[in-house]
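These notes concern the structure reproduced below.
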Amino acid sequence: YPRFFDNIGVQIEVRELRDTEEFYDILKVQEAVGFAPGVGTVAPHLFKAVAMKEPPMGMVLGAYGGGEMIGYLYEFPTSLQEEHYMHGVHVIPKCQGLGVGERMMLRMREIALERGINVVYWTYDPLEGKNASLYIRKCGARGVRYYKAYYKDVQGGFSDAVSNDRFLAKWELKTIGGQKPEGVLDKIPIVEGGSAPQGKEVLVEIPTDFTSLMGRDIGGARGWRMKTSKLFDRYVTKSGYNAVNFLQFRGRNFYLLAKP
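Residue numbers (the numbering used here): 71 to 330.
Here is the structure:
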């Protein structure tokens, strides 16, 4: 799956990985994205097990550009038939925002469907708008569960300054793209801390750049986490809504939550 990026001047190739040397290349990517050595990293022998070809187990993909690995993705089987779990899709900092993650996700989708896998799950921070844009808006996954303090007491580069809450994303692989709003966007209620509309669709606002906010205003980041945690708990956990799209309008970021 080659793709040429004029702004970095290299051709990007995404391919399935099999060789041990390639799994060691992943360690360099893990270091580049800030994984704690020996704590947050995944060992090459585990990637080798996941990438077993006969019988097929999971999948490890690598993205290469300019003669080096610039990103990787891996997923593996679950106890649920025809459903897998993705636990990592990472791109080195200098190549982020160039569509590399999207290309890996789409290649994973194609291979998985060829192998009879119809659903892939993973977790991610719901306040990270870039990930929400890729996972929910572009790919068409849905946020189906909300976990508070998912990585509490887990070492591996997770900040303790703000609760490590997570969405469980579910991608039904025959679907591409987020669900379109049924109503006029301006008419869909934006839920706040004190309001609790129960329409078929509601909007929940998240920060424009949560990672940047964490670096410059930890108090502000905590405020966003606490506010959105209450809303996601109310709508996703207790009322059965799903996050079905990620929308950007009027300079603000919103999840579209809808009843399944």
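C-beta atoms are modelled at their ideal positions from N, C-alpha and C, and glycine is treated no differently.
Computed from a predicted structure; not experimentally measured.
Residue state for Phe324 is assigned as strand, using DSSP reduced to three classes. Beta-bridge partners of Leu143 (DSSP): Leu131, Val159. In the displayed model, Asn234 falls within coil according to three-state DSSP, outside both helix and strand. Going by DSSP, Glu172 is part of the alpha helix (DSSP H) stretching over 170-184. In the structure shown, the three-state DSSP call for Leu150 is coil. Residue range 312-319 is occupied by the beta strand (DSSP E) that includes Phe316. If you draw a straight line from the Cα of Gly135 to the Cα of Gly158, it is about 19 angstroms long. Taking each of Lys118, Thr298, Lys208, Asn201 in turn and checking the Cα distance to Asp235, the smallest one comes out for Thr298. A Cβ-Cβ separation of about 13 angstroms leaves Gly132 out of contact with Val120 under the 8 angstroms criterion. Annotation for Leu301: the continuous alpha helix (DSSP H) segment containing it runs 288-302. Comparing C-alpha distances from Tyr325 to each of Val130, Ser203, Phe93 shows the shortest one belongs to Ser203. A Cβ-Cβ distance of about 7 angstroms is found for the pair Pro196 and Phe302, placing them in contact under the 8 angstroms criterion. For the options Gln100, Leu283, Ala231, Gly263, the alpha carbon positioned closest to that of Gly199 is the one of Leu283. In the structure shown, the three-state DSSP call for Thr278 is coil.
Shortest Cα-Cα distance from Glu92 to any of Ala102, Tyr142, Thr111 involves Tyr142. Remark: C-beta atoms of Ile288 and Glu275 do not approach each other more closely than 8 angstroms.
Checking the DSSP bridge columns, you'll see Tyr217 partnered with Arg236. DSSP lists Leu327 as the bridge partner or partners of Val272.
When the beta-carbon positions are compared, Tyr220 and Thr245 stay at least 8 angstroms from each other. In the DSSP assignment, Arg85 forms a beta bridge with Gly132.
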